[in-house]
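Sequence lines, in order, name chains A and B. Okay, so the first sequence: first residue is 1 according to our numbering, each after it adds one. Okay, so the second sequence: first residue is 1001 according to our numbering, each after it adds one. Right, one structure below, let's go through it.
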Amino acid sequence: MTHQAAAEGRAPQTRQAGRGRRLRFAALCAAGVAALLVSVALAITIGPADIGVADVWAVVGAHLGLGSSGLTPIRDGIVWQLRLPRTLLAAVCGAGLAVCGAVMQSLLRNPLADPFVLGVSSGASTGAVAVVVLGAGGGAVTVSAGAFVGAVVSFALVLLGSQVLGGTMDRVVLSGVAAMQLFSALTSFVVMTAADAEQTRGVLFWLLGSLGNVGWSEVWVCLAVLAVVLLVCAAHAHALDAFAFGQDAAATLGVHVARTRLILLSVTALLTAALVSSAGAIGFVGLVLPHATRGLVGPGHARLLPVTALTGAVFLVWVDTLARTALDPQEVPVGVVTSLIGVPAFLLVLYRSRKVTTS
Amino acid sequence: MIGGTDASMETDTDASMETDASAAMETDTDAVVDTDAGRGMETATATDSGLRAERVTRTAGGHLIVDGVSVTPPQGSLVGLLGPNGSGKSTLLRLLAGVLAPTSGVVTLGGRPLNDLPRKAIARRVAVVEQNAATQSELTVGEVVRLGRIPHRRAWSAASAADEEAVRHALERTGLMDRADQLWHTLSGGERQRAQIARALAQQPRELLLDEPTNHLDIRHQLDLLSLVADLPVTTVIALHDLNLAAMYCDQLIVLRKGRVAACGTPRDVLTEDLVAEVYGVRADITHDDGHGRPHIRFLGGHGPSSSVRPG
C-alpha cells in the first residue's frame, strides 16, 4: 500500500521532528527565563534615580547576606523597598493573569475568555470600594482583604448561577457577564453616592490597575498562590488538551469533566482574586498573551502554560516600566497601558486567526 | 487525576464476569441483537463481555428519549443504528459512551456498570466519533490524533514510544500519514472525520461509537469512510441515516422508533418494505439482487403511487 510505504519512510522523520520540538521547547523556556531575569534587572535600573545593573545585583546580594552593597541607604531603599517588589509583582501578575487566561480560554472554549470573565475583578472592585468609601470592616480590613472577599463572593455567585442556568460552559461565561454588570453597577453606585473627590481618584486608580505602593508582603502572597495554581493547572495539562473538541469529547477521552472544571475554575479564580486585590484589575494580559504564545508553542498545554507564564511576566514588567516612566513624574495606571497595547494586539490576533474561524 | 486503577479493575472483572454475563444474557429478552454472529461469540463473551446496554431509559424534560433499549453488539461486528430524526439514536450512543447516565437500566463494560468505572478506564476501551467535531484551537492533524492518547497518559508524563506508535498506526490506517503536520481546520469535511476516526483509533479501543459521521459528506467520502470503518477490527456501533449504506456495510442493524427498538437483526431481515413504511412512513421497493443478499432500497415516496419517485 502506498500509505504504508509513505508511513515507513516518514516514521524516523516524525520521531526526529519530535526530538527537534522538545529541544526547541527547552531552548524557548531557557530563553524565557533569561529574558525575565534580564528584564527585571533592567527595569529596576530605569527611573528618576540613577541606578545601574551592577547596583541592583549588589543590593540583592547585600539583602541575601552577601556583604554590603556600598550604596547609600536611600538608594538601597529605592531598589529594595520600591522598585524590586514592584517589578517582581509585575512579573507575578503578568504570569498569573496570562496563565489564568490560557486555562479559561481552553476550559470555556471561548477565545474571549479572560481571568475577569468569572466576575472576579468586578466583585473585587465592589469589595475594595466598600472598604475605602463605606468603611466596611471598621478599619480592621485592608483594601486588599476587602477586594479578595468581594472577588470570592462574586465567583461563588457566578458558579451558582451557571449551575442553576444549566451547568454548561457557555452558562459560566453568561453568568460571569451578568455578575460583571451587577458588581460594576454596585461599585459605581457606591462611588457616586458616597465618595468624596479624593476617594474617587484613589478608587479609580485602583480600578484601572496599578502596581504602585506594593510591598514585599503582596509579592510573597501572590507568588505563593501563583506557584500552587501553576502546579495544579500543569497537572491538568492533558485534561485541558482534551477540551479542544468540547466537554463531551473530553469526557470520552477519560476526563472527569465536572470535577476538572470545578477545580480549574476555582484555582484560577483564586489566583485572579489574589492578583486583583494586590494590583487592581489589569486588563488584556490574560486575553492577549495566551493567544500570542499559542503562536509560538502551539495549543498543547504542557508547553503553553509555562511559556505563557514567562511571556506574561516579561510583558507586564516592561509595560509597568513604561507606565511609571512615560509621563514622568505623572504615573499612568498600568491597566490603561495594557489596554492601549492590548486592543491593537488583540485585533491582530483576531485577524491572524480569521481563517480558522471562517473555514 | 484518575489512573492506576486499571489493574484492580481487570482482576475484579475476571472474577465477577462469568456470572454477571450469563445472568444478564438470560434476562435479556426484548431487544437483544441475537444472531449467528452473536451466538458464535458467546464463549468469548462469557470471559470478556464488551459494551452492552440493558433496558436503558433516558428521559429529558419529562419525555422518554430512549425507552427500555437493550443492545449487545457482537464482538468485532459493525452495528448500524437507524431511525428517523428524534428516534433516540444520538442519545443511545451517548448512553453507551457513558457521557449520559441512564434514567433507568444499566450500561455495562466488561460486565461492570459504567458508573463504577473510572472515566479513564472507559476511555481506554470505548472511543467516540461525534457528528460534527469543531474546535477553536489551531491543532495539526497529528495533534488531534495525539488527543487519543490522553486516557493512556499520566499527568506530567511526556508521550511514550507506545503513544507515538499508536498515533503513527492510526494515521497510517486512516491514510493521513502525510497530513500529520497540516492544520486540522484546513482539511475537507471527509478528511476531518477521518482524522477524528484516527484519534479514536489512537485510543486503541475495543468498542467504537460513531454518531452519523457521514453527515455533510459527498457520496464518495461517505463510501470511503464506511469502508474504512467496516474494515476496523473493533466492535462498532454507528448511527446512520442512509438505509442503503447501512445495508451495504453493517453486519447488524438496530432500528429505533420513538426511543424503542422497532427491529433488529441482519440488514436482510430488518430492512423490509413494511418496516420502512412503519418506521419512516415512506413506501419503498426493496430488492436483494446484488448477489450478497444485501437489500437495496428504492423509495417510492410517501403519499401514494402517483407521487412515486424513480431515481436513476
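For each residue, glycine too, the CB sits at the ideal point set by N, CA and C. As the structure is a computational prediction, the values presented were derived from the model and not from experiment.
{"query": "Taking Thr-1091 (chain B) as the reference, give the member of B:Gln-1075, B:Ile-1219, B:Gly-1076 and B:Val-1069 with the closest Cα.", "result": "B:Val-1069"}
{"query": "So is Phe-346 (chain A) in contact with chain B if we call contact Cβ pairs under 8 Å?", "result": "no"}
{"query": "Name the residues in the stretch 24 to 49 of chain A whose C-beta lies less than 7 Å from a C-beta of chain B; which are they?", "result": "none"}
{"query": "Mind listing the chain B neighbours of Pro-111 (chain A)? Cutoff is C-beta to C-beta under 7 Å, in chain order.", "result": "Gln-1136"}
{"query": "Three-state secondary structure (DSSP) at Arg-1154 (chain B)?", "result": "coil"}
{"query": "Which residues of chain B have a Cβ atom closer than 8 Å to the Cβ of Asp-383 (chain A), listed in chain order?", "result": "In the structure as shown, chain A starts at 1 and stops at 359, and residue 383 (chain A) therefore has no counterpart that could be examined."}
{"query": "Might you give, ordered along the chain, the residues of its own chain that have their beta carbon closer than 7 Å to the beta carbon of Ala-1263 (chain B), omitting 5 neighbours on each side?", "result": "Val-1255, Val-1270 and Leu-1275"}
{"query": "Does the beta carbon of Asp-248 (chain A) sit closer than 8 Å to a beta carbon anywhere in chain B?", "result": "yes"}
{"query": "Is any beta-carbon of chain A found at less than 8 Å from that of Ile-1065 (chain B)?", "result": "no"}
{"query": "Mind checking the stretch 80 to 113 of chain A against chain B and listing, in chain order, the residues whose C-beta falls within less than 7 Å of any C-beta there?", "result": "Arg-109 and Pro-111"}
{"query": "Name the DSSP beta bridge partners of Ala-1121 (chain B), please?", "result": "BP columns for Ala-1121 (chain B) are empty, so no partner."}
{"query": "For a contact defined as C-beta to C-beta under 7 Å, what are the partners of Leu-253 (chain A) on chain B?", "result": "Ala-1123, Leu-1147, Ile-1150 and Pro-1151"}
{"query": "Of the choices A:Val-53, A:Ala-58, A:Pro-85 and A:Tyr-351, whose alpha-carbon is the least far from that of Trp-216 (chain A)?", "result": "A:Pro-85"}
{"query": "Is the CB-CB distance between Ala-224 (chain A) and Val-173 (chain A) below 8 Å?", "result": "no"}
{"query": "Taking just the CA atoms, how far does Ala-98 (chain A) sit from Ser-154 (chain A)?", "result": "21 Å"}
{"query": "Suppose you measure from the CA of Leu-186 (chain A) to the CA of Ala-124 (chain A); what does that come to, to the nearest Å?", "result": "11 Å"}
{"query": "Counting only C-beta atoms, is Ser-1022 (chain B) closer than 8 Å to chain A at any point?", "result": "Note on Ser-1022 (chain B): pLDDT 38, under 50, position unreliable in the model; no value is reported."}
{"query": "In chain A, which residues lie with their C-beta within 7 Å of the C-beta of Arg-1119 (chain B)?", "result": "Ala-251, Gly-254, Val-255 and His-256"}
{"query": "Return the Cβ separation of Ile-1122 (chain B) and Gly-254 (chain A) in integer angstroms, given the expectation that the two are a contact with Cβ distance under 8 Å.", "result": "7 Å"}
{"query": "Starting from Glu-1130 (chain B), find everything on chain A with Cβ-Cβ shorter than 9 Å and list it in chain order.", "result": "Phe-245, Gly-246, Asp-248, Ala-249 and Thr-252"}
{"query": "Could you tell me whether the Cβ of Ala-1155 (chain B) comes closer than 8 Å to any Cβ of chain A?", "result": "yes"}
{"query": "So, at 6 Å on beta carbons, what are the nonlocal neighbours of Ala-345 (chain A) in its own chain, with the 5 sequence-adjacent residues on each side left out?", "result": "Val-288"}
{"query": "Who are the Cβ neighbours of Gly-1293 (chain B) in its own chain at under 7 Å, not counting the five residues just before and after it?", "result": "Arg-1268"}
{"query": "Buried or exposed for Trp-206 (chain A), going by 16 or more other Cβ atoms inside 10 Å?", "result": "buried"}
{"query": "Does any CB atom of chain A fall closer than 8 Å to the CB of Ala-1198 (chain B)?", "result": "no"}
{"query": "Thinking just about the alpha-carbon of each residue, which of A:Val-33, A:Asn-110, A:Gly-300 and A:Asp-76 is nearest to the one in Gln-247 (chain A)?", "result": "A:Asn-110"}
{"query": "Is the shortest distance between the beta-carbon of Val-1270 (chain B) and the beta-carbons of chain A less than 8 Å?", "result": "no"}
{"query": "Would you kindly report the start and end of the unbroken beta strand (DSSP E) that includes Ile-1254 (chain B)?", "result": "1252 to 1257"}
{"query": "For Thr-252 (chain A), report the span of its alpha helix (DSSP H) as first-last.", "result": "247 to 252"}
{"query": "If you reduce the DSSP assignment to three classes, tell me which class Thr-1059 (chain B) lands in.", "result": "strand"}
{"query": "According to DSSP, is Phe-116 (chain A) helix, strand or coil?", "result": "coil"}
{"query": "Answer yes if the stretch 228 to 247 of chain A comes into contact with the stretch 299 to 318 of chain A, meaning at least three C-beta pairs across the two stretches below 8 Å, and no otherwise.", "result": "yes"}
{"query": "For Ile-192 (chain A), is the classification buried or exposed, using 16 other Cβ atoms within 10 angstroms of its Cβ as the cut-off for buried?", "result": "One detail in the question is off: residue 192 (chain A) reads as Met in this sequence, not Ile. Met-192 (chain A) comes out exposed."}
{"query": "Give the residues from the stretch 214 to 243 of chain A that approach chain B closer than 8 Å (Cβ to any Cβ), ordered along the chain.", "result": "Ala-234, Ala-235, His-236, Ala-237, His-238, Ala-239, Asp-241 and Ala-242"}
{"query": "Indicate the three-state DSSP secondary structure (helix, strand or coil) for His-1296 (chain B) in the structure shown.", "result": "strand"}
{"query": "Determine, for Arg-21 (chain A), whether the minimum Cβ-Cβ distance to residues of chain B falls below 8 Å.", "result": "no"}
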